[in-house]
Each structure stands twice: as C-alpha cells, then as structure tokens.
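*Asks:* If you use the UniProt record's numbering, the sequence shown corresponds to residues 1 to 103, in order.
Before anything else, here's the structure in question.
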Amino acid sequence: EKGEDAAAKVALNPEKWLEFKLQEKATVSHDSELFRFSFDPSTKLGLDVASCLVTRAPIGQEVEGKRKYVIRPYTPISDPDSKGYFDLLIKGLSRRENVSAFC
C-alpha cells in the first residue's frame, strides 16, 4: 500500500507518453527560452537530479492516419521535489532543432 501511495504522487508514467500544459514561456537570452509545464499540484514530476525527460511534439500534417514527431531529451532545471510543475531551459542554434519550435 505504501508503494501504491508513492506512485500516485508522481506525474510521470514510463509506460506511456503524457501531455503537460504549457503554463508559461519566457525568453532568457537570444537563443534560450524557459518553459514551465504544469500538472496535478499534489504530485511531483518523479525524476531524480540529472535525469532526462524525453519530449515529443507533432510535426507536419497527419499522413494516412500517422503522425510524425520530433523527439528530444531535456533535463528539467526545477527542484525535483517541486509539486505541480517542472521547468525546461531550452537552448538551440535553430528553433527548428528542438521541441520549443512547437510550443
């Protein structure tokens, strides 16, 4: 029961892709942006320090019922114990090279 309770307090599920709401986006520099994503405020993300979060965003139009995605790993910069949100700092030479182009 204790293990089930702990699992209920984590936002991530390694078995499936999840959608998170983009709560805020801020420009940090000419080539970097900070993205804050939100989820249930009673849960934490569930990643250890220095872990990566694999992200994906749809690209282009659906063809024959199939969707293409850009997939990139990012390391959250927010406190691992924060509840209800996580932050990603995304830097890239070209916005087309990262998921931020689709947010």
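Cβ coordinates follow ideal geometry from the N, Cα and C atoms, glycine included.
Give, in chain order, every unbroken run of the alpha helix (DSSP H) that is at least 4 residues long and sits entirely within the stretch 10 to 65.
*Replies:* none
*Asks:* Terminal residues of the continuous beta strand (DSSP E) containing K91?
*Replies:* The residue given as residue 91 occupies position 91 in the sequence shown. From DSSP, the beta strand (DSSP E) with K91 extends over Y85 to K91.
*Asks:* Work out the CA separation of G92 and E33 for me, nearest whole Å.
*Replies:* Counting from 1 along the sequence shown, the entry for residue 33 is found at position 33. Counting from 1 along the sequence shown, the entry for residue 92 is found at position 92. Using only the alpha carbons, I get a separation of about 9 Å.
*Asks:* Tell me the DSSP secondary structure of P73 in three-state form.
*Replies:* Counted from its first residue, the sequence shown places residue 73 at position 73. It is a strand residue.
*Asks:* At the level of alpha carbons, what is the spacing between L22 and F86?
*Replies:* Here residue 22 corresponds to residue number 22 of the sequence shown, with the count starting at 1. Here residue 86 corresponds to residue number 86 of the sequence shown, with the count starting at 1. Their backbone Cα atoms lie some 10 Å apart in a straight line.
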